[in-house]
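Novice: Each residue of the sequence shown is one higher than the one before, starting from 181 at the first, in this note's numbering.
Where is the CB? At the ideal position from N, CA and C, for every residue including glycine.
Pasting in a structure now, in structure tokens, and then I'll have a few things to ask.
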Amino acid sequence: MRQRSKILWLGLICFILIIPNFQFCSQKTGDMMKKDDFSKIIIKEMEQKFGKEYSGRIKIGVGQINKIWLEQDGSKEEMKQFCLDNFIADEAELKRAFDKIEHAFEQINGLLVEMDRELQWNLQIETGPIQPIDHLLSNFNLAAHVKDDLFNSKVAFWVLLNFKINSLDDCLKNGDKWSREEWAKTRLAQNFTSRVPSAVSQKIHKAFISADNYISNYNIYMNNLLTEDDQRLFPKGLKLITHWNLRDELKAQYDKDDGFVRQKMIYNVMQKIISQEIPEIVINNPDVDWKISSNEVSGTSTDNSREPDTRYQHLLNIFHAEKNADSYYPLFPNFIDRKFNRDREIPEKVVEELFDELLKSREFQKTGKLIKKRLGRDLEPFDIWYTGFRVKSKYNEDELTEIVSKKYPDVKTFEENIPVILQKLGFSIGKAEYLGSKIAVDAARGAGHAMGAGRRGDKAHLRTRIPEQGMDYKGFNIAIHELGHNVEQTFSLYDIDHNFLEGVPNTAFTEAFAFLFQSRDLKVLGLEGEDEKAEHYKALNQLWSVCEIAGVSLVDMEVWRWMYANPECTAAELKEATINISRNVWNKYFYPVIGHKDATILGIYSHMIDAGLYLPDYPVGHIIQFQIEEYIKDKDLATEMERMCTIGSVTPDRWMKQAVQEEISVKPLLKAADRGLRELY
Numbered sequence: 181m182r183q184r185s186k187i188l189w190l191g192l193i194c195f196i197l198i199i200p201n202f203q204f205c206s207q208k209t210g211d212m213m214k215k216d217d218f219s220k221i222i223i224k225e226m227e228q229k230f231g232k233e234y235s236g237r238i239k240i241g242v243g244q245i246n247k248i249w250l251e252q253d254g255s256k257e258e259m260k261q262f263c264l265d266n267f268i269a270d271e272a273e274l275k276r277a278f279d280k281i282e283h284a285f286e287q288i289n290g291l292l293v294e295m296d297r298e299l300q301w302n303l304q305i306e307t308g309p310i311q312p313i314d315h316l317l318s319n320f321n322l323a324a325h326v327k328d329d330l331f332n333s334k335v336a337f338w339v340l341l342n343f344k345i346n347s348l349d350d351c352l353k354n355g356d357k358w359s360r361e362e363w364a365k366t367r368l369a370q371n372f373t374s375r376v377p378s379a380v381s382q383k384i385h386k387a388f389i390s391a392d393n394y395i396s397n398y399n400i401y402m403n404n405l406l407t408e409d410d411q412r413l414f415p416k417g418l419k420l421i422t423h424w425n426l427r428d429e430l431k432a433q434y435d436k437d438d439g440f441v442r443q444k445m446i447y448n449v450m451q452k453i454i455s456q457e458i459p460e461i462v463i464n465n466p467d468v469d470w471k472i473s474s475n476e477v478s479g480t481s482t483d484n485s486r487e488p489d490t491r492y493q494h495l496l497n498i499f500h501a502e503k504n505a506d507s508y509y510p511l512f513p514n515f516i517d518r519k520f521n522r523d524r525e526i527p528e529k530v531v532e533e534l535f536d537e538l539l540k541s542r543e544f545q546k547t548g549k550l551i552k553k554r555l556g557r558d559l560e561p562f563d564i565w566y567t568g569f570r571v572k573s574k575y576n577e578d579e580l581t582e583i584v585s586k587k588y589p590d591v592k593t594f595e596e597n598i599p600v601i602l603q604k605l606g607f608s609i610g611k612a613e614y615l616g617s618k619i620a621v622d623a624a625r626g627a628g629h630a631m632g633a634g635r636r637g638d639k640a641h642l643r644t645r646i647p648e649q650g651m652d653y654k655g656f657n658i659a660i661h662e663l664g665h666n667v668e669q670t671f672s673l674y675d676i677d678h679n680f681l682e683g684v685p686n687t688a689f690t691e692a693f694a695f696l697f698q699s700r701d702l703k704v705l706g707l708e709g710e711d712e713k714a715e716h717y718k719a720l721n722q723l724w725s726v727c728e729i730a731g732v733s734l735v736d737m738e739v740w741r742w743m744y745a746n747p748e749c750t751a752a753e754l755k756e757a758t759i760n761i762s763r764n765v766w767n768k769y770f771y772p773v774i775g776h777k778d779a780t781i782l783g784i785y786s787h788m789i790d791a792g793l794y795l796p797d798y799p800v801g802h803i804i805q806f807q808i809e810e811y812i813k814d815k816d817l818a819t820e821m822e823r824m825c826t827i828g829s830v831t832p833d834r835w836m837k838q839a840v841q842e843e844i845s846v847k848p849l850l851k852a853a854d855r856g857l858r859e860l861y
């Protein structure tokens with residue numbers, strides 16, 4: 181009896197642990213057994229109707245439906261009848277049906293993208309003051325209901341009945357043998373590995389929109405910053421969004437003889453934002469002055485009350501919204517798992533090992549010593565953004581801004597000039613005009629971003645911030661980055677053979693093409709400097725940049741692990757945890773190279789607040805970009821980019837092997853950096 185009792189208890193424990201991962205979790209064990217037994221009856225009847233030769237497909241299809249069919253979907257008899265009526269045995273008929281659903285899904289997804297873009301328009305684009313109705317409209321999200329509707333209409337069940345859900349392991353083991361159509365069918369079935377209720381999806385959407393709006397309007401008026409002796413170090417009207425513009429302004433100061441004092445001021449602003457000691461009144465407010473050292477505020481207000489941990493509350497809201505969805509993903513039990521194994525299809529451990537290899541490398545340490553020598557001073561924490569390895573033009577930042585502002589006084593001019601820009605990057609006239617006709621440019625409230633189309637017939641949108649006096653050089657550099665995204669988005673939508681393979685494997689790959697464009701911004705302006713050591717400088721600049729963002733990404737990853745370990749935390753507790761994690765990552769990887777124990781600067785990135793574990797895509801993107809750069813050294817950028825973009829959203833390892841004949845690796849970058857160090861150090 182004791183042994184039997186033990187077995188029963190173990191069975192009950194397994195039931196409690198496993199069943200809640202599925203939507204039919206509320207049913208009792210006996211009901212589950214009956215349901216599984218009934219699926220055997222369905223399989224038997226289907227084998228009798230369609231033939232034993234289809235037994236393998238039938239078992240897979242019925243098994244997939246059985247796991248996710250709810251009482252609300254119909255009785256057991258109705259499930260059986262659905263399977264008998266909707267299974268397609270004939271391959272030719274199945275191909276015809278697949279073509280129809282592929283076309284339908286392109287229209288559904290594309291129209292949802294367009295609607296989302298329109299409903300968020302007034303929050304993201306400069307259309308005048310934001311009104312309460314703009315927030316309400318942006319929270320409206322039809323996409324949250326689509327998955328529910330696809331199940332309720334039985335379309336999702338039709339897919340599950342006729343196509344196998346291949347796991348990441350299946351894709352990695354067997355993907356090399358699959359045809360393009362088999363890959364497309366795999367991507368179709370993978371749409372239905374979960375069944376998240378629309379109410380849960382809506383809360384996720386709302387949390388991200390709210391955080392994005394918070395970040396998009398987080399500006400600092402730089403002329404309003406005062407030194408201890410009331411000096412103003414920045415020109416009037418300079419409004420910088422955090423963290424992008426603050427970082428880029430800090431970078432720009434390396435070219436100026438008196439730039440160090442400005443860099444220190446920007447760094448102090450960043451520290452106040454991370455610690456939330458920043459007075460709330462100075463955020464996006466041109467009417468108050470702020471003496472940073474003492475936190476004194478003057479002007480229309482003298483209220484120096486700090487921002488009440490709003491930054492971390494937005495991150496916490498996103499965490500809670502995503503965590504609420506965890507139980508609806510039986511294959512991906514938490515958001516971290518979904519981001520790495522479902523979205524990136526690169527395991528978290530693999531990504532962390534890539535970053536660790538870079539940050540512990542002797543090349544990173546030796547590059548730090550070289551930067552110290554070039555600067556002629558001890559390194560500061562903000563020197564993670566050192567730009568001295570960039571191949572210089574004969575123009576400084578202010579002169580470049582003057583050139584750019586005359587060329588691009590507004591978004592319309594930039595949009596009209598896209599074909600010319602693309603020709604300078606090596607695209608033929610015909611291809612440049614083709615791409616340009618499918619890209620629209622909008623005046624962004626934020627720093628800028630790229631929003632791809634979802635269906636053929638729509639345009640990709642490039643968002644960039646252009647001041648009244650015309651585009652500045654930093655804005656141009658960002659716009660060229662976003663253009664790289666848009667070109668990838670256009671090729672991988674319009675020129676792909678299967679819409680279910682639209683896009684690239686994950687965000688890191690589109691970032692790679694964006695970086696590819698961004699690094700050629702001076703070439704676009706016709707101002708690229710000539711330097712026989714340019715190749716070495718580029719390798720060291722790439723290494724230093726990717727190490728910086730790899731450190732930031734490790735903070736992002738560790739913060740999400742901490743939130744899952746402490747799900748009941750407050751915003752204040754999350755703030756302290758983020759600061760401690762930033763210090764720990766700094767001390768482990770950056771203190772040996774730069775010094776300044778316990779620096780917190782790695783916690784400044786806005787992506788960590790509003791993008792949900794997006795940051796690791798950047799360093800992976802840099803790594804991929806370098807591998808692509810190495811591969812196309814003696815090839816045509818335009819031709820190779822078009823070829824690579826039409827590989828589509830297969831797994832990252834397969835994409836890399838087809839694109840550059842090697843897997844994702846930091847070794848090419850480290851080898852190039854080593855050559856550069858030996859040449860320059």
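Can you say whether Leu849 is buried or exposed, counting buried as having 16 or more other CB atoms within 10 angstroms of its CB?
Specialist: With 16 or more Cβ atoms within 10 Å of its Cβ, Leu849 is classed as buried.
Novice: From the DSSP output, which residues share a beta bridge with Asp638?
Specialist: DSSP output for Asp638 lists Arg636 as bridge partner(s).
Novice: My guess is that Glu525 and Leu348 are in contact by the Cβ rule of under 8 Å, so how many angstroms apart are they, rounded?
Specialist: Indeed, because the Cβ distance is near 6 Å, the residues count as touching under 8 Å.
Novice: Measuring CB atoms only, is the stretch 379–396 touching the stretch 484–499, in the sense that at least three cross pairs come out at less than 8 Å?
Specialist: Short answer: they touch.
Novice: Roughly how many angstroms separate the alpha carbons of Lys574 and Ser585, rounded to a whole number?
Specialist: Cα-Cα distance, rounded: 18 Å.
Novice: Just curious, the beta strand (DSSP E) that Asn246 is in, first and last residue?
Specialist: Counting along the chain, Asn246 falls outside any beta strand (DSSP E), though it belongs to the alpha helix (DSSP H) covering 235–248.
Novice: What does DSSP give as the partner residue(s) for Ala630 in the beta ladder?
Specialist: Answer is Leu642, bridged to Ala630.
Novice: Excluding sequence positions up to five away, which residues of its chain have a Cβ less than 7 Å from the Cβ of Lys229?
Specialist: Excluding sequence neighbours, Lys229 sits near Leu264.
Novice: Report the rounded CA-to-CA distance for Ile222 versus Arg276, giving the unit in angstroms.
Specialist: Distance between the alpha carbons of Ile222 and Arg276: 25 Å.
Novice: Could you have a look at Lys540 and say whether DSSP puts it in helix, strand or coil?
Specialist: If DSSP states are grouped into helix, strand and coil, Lys540 belongs with coil.
Novice: Can you tell me whether Glu408 is buried or exposed, with buried defined as 16 or more other CB within 10 angstroms of its CB?
Specialist: Burial call: exposed.
Novice: So what does DSSP say about Gly290, is it helix, strand or coil?
Specialist: Gly290: helix per DSSP, three-state reduction.
Novice: Helix, strand or coil: how does DSSP classify Ile619 here?
Specialist: DSSP places Ile619 in strand when its eight states are reduced to three.
Novice: Around the Cβ of His283, are there at least 16 other Cβ atoms within 10 angstroms (buried) or fewer (exposed)?
Specialist: His283 comes out exposed.
Novice: Counting only the same chain and skipping the five closest in sequence on each side, list residues whose C-beta sits under 6 Å from that of Arg412.
Specialist: Within the same chain, Arg412 has close Cβ partners Asn403.
Novice: To the nearest angstrom, how far is the alpha carbon of Ala493 from that of Lys755?
Specialist: This sequence places Gln at residue 493; Ala is not what is there. When rounded, the distance between both Cα atoms is 9 Å.
Novice: By the three-class DSSP mapping on this structure, what secondary structure does Lys713 have?
Specialist: It is coil, neither helix nor strand.
Novice: Would you kindly work out how many angstroms separate the C-alpha atoms of Gln300 and Val732, rounded to a whole number?
Specialist: In a straight line, the C-alpha of Gln300 is about 28 Å away from that of Val732.
Novice: Quick one: residues in its chain with C-beta nearer than 7 Å to the C-beta of Glu782, no 5 flanking neighbours on either side, listed in chain order?
Specialist: Reading off the sequence, residue 782 comes out as Leu, not Glu. Same-chain partners within the cutoff: Gly731, Val732, Val735, Ser762, Val765, Trp766.
Novice: Just the C-alpha distance for Val293 and His629, rounded to the nearest angstrom, thanks.
Specialist: Between Val293 and His629, the C-alpha separation is close to 15 Å.
Novice: Spatial neighbours of Arg442 within its chain, please: C-beta separation below 6 Å, excluding the five flanking residues on both sides.
Specialist: Closer than 6 Å at the Cβ level, and outside the excluded window around Arg442, lie Leu413, Gln433.
Novice: Would you check if the distance between the CB atom of Asn321 and the CB atom of Gly634 is smaller than 7 Å?
Specialist: Contact: no.
Novice: Excluding the 5 residues flanking Phe607 on each side, which residues of the same chain have their C-beta closer than 6 Å to its C-beta?
Specialist: Closer than 6 Å at the Cβ level, and outside the excluded window around Phe607, lie Ala818.
Novice: Just mark Arg518 as buried or exposed, buried being the case when its beta carbon has 16 or more other beta carbons within 10 Å.
Specialist: Looking at its Cβ environment, which holds 16 or more other Cβ atoms inside 10 Å, Arg518 is buried.
Novice: By alpha-carbon positions, which one of Ile516, Phe372, Lys357 ends up nearest to Lys327?
Specialist: Looking at the Cα atoms, Phe372 is the closest of the given residues.
Novice: Mind checking who Tyr401 pairs with in its DSSP beta bridge?
Specialist: Paired residue(s): Lys419.
Novice: What is the C-beta distance between Glu429 and Ile454, in whole angstroms, given that I count them as a contact (C-beta under 8 Å)?
Specialist: The pair is not a contact, with the Cβ atoms about 17 Å apart (cut-off 8 Å).
Novice: Any Cβ of chain D within less than 7 Å of the Cβ of Ala633?
Specialist: Of the protein chains in the structure, only one exists, and it is not chain D.
Novice: Taking the beta carbon of Gly792 as the centre, do at least 16 other beta carbons fall within 10 Å, making it buried, or is it exposed?
Specialist: Looking at its Cβ environment, which holds 16 or more other Cβ atoms inside 10 Å, Gly792 is buried.
Novice: Rounded to whole angstroms, what is the Cα-Cα separation between Leu162 and Leu707?
Specialist: Within the shown structure, residues of the chain are numbered from 181 to 861, placing residue 162 beyond reach of any answer.
Novice: Let me make sure I understand the geometry here. Which of Gly556, Thr687, Leu673 has the alpha-carbon closest to that of Glu681?
Specialist: One detail in the question is off: residue 681 reads as Leu in this sequence, not Glu. Measuring from the Cα of Leu681, the nearest candidate turns out to be Leu673.
Novice: May I ask you to verify whether the stretch 797–808 touches the stretch 687–695, counting CB pairs closer than 8 Å and requiring at least 3?
Specialist: In short, these stretches touch, since the Cβ pair count reaches three.
Novice: When DSSP labels each residue in this structure, what does Ala624 get in the three-state scheme?
Specialist: In the structure shown, Ala624 sits in a strand (DSSP, three-state: E or B).
Novice: Where does Gln841 land, buried or exposed, given buried means 16+ other C-beta within 10 angstroms?
Specialist: It is exposed - the Cβ of Gln841 has fewer than 16 other Cβ atoms within 10 Å.
Novice: Among the residues of its own chain, which have a CB less than 6 Å from the CB of Phe569, if the five just before and after it don't count?
Specialist: The residues are Tyr717, Leu720, Asn721.
Novice: What are the partner residues of Ile305, as DSSP defines its beta bridges?
Specialist: Looking at the DSSP assignment, Ile305 forms a beta bridge with Ala624.
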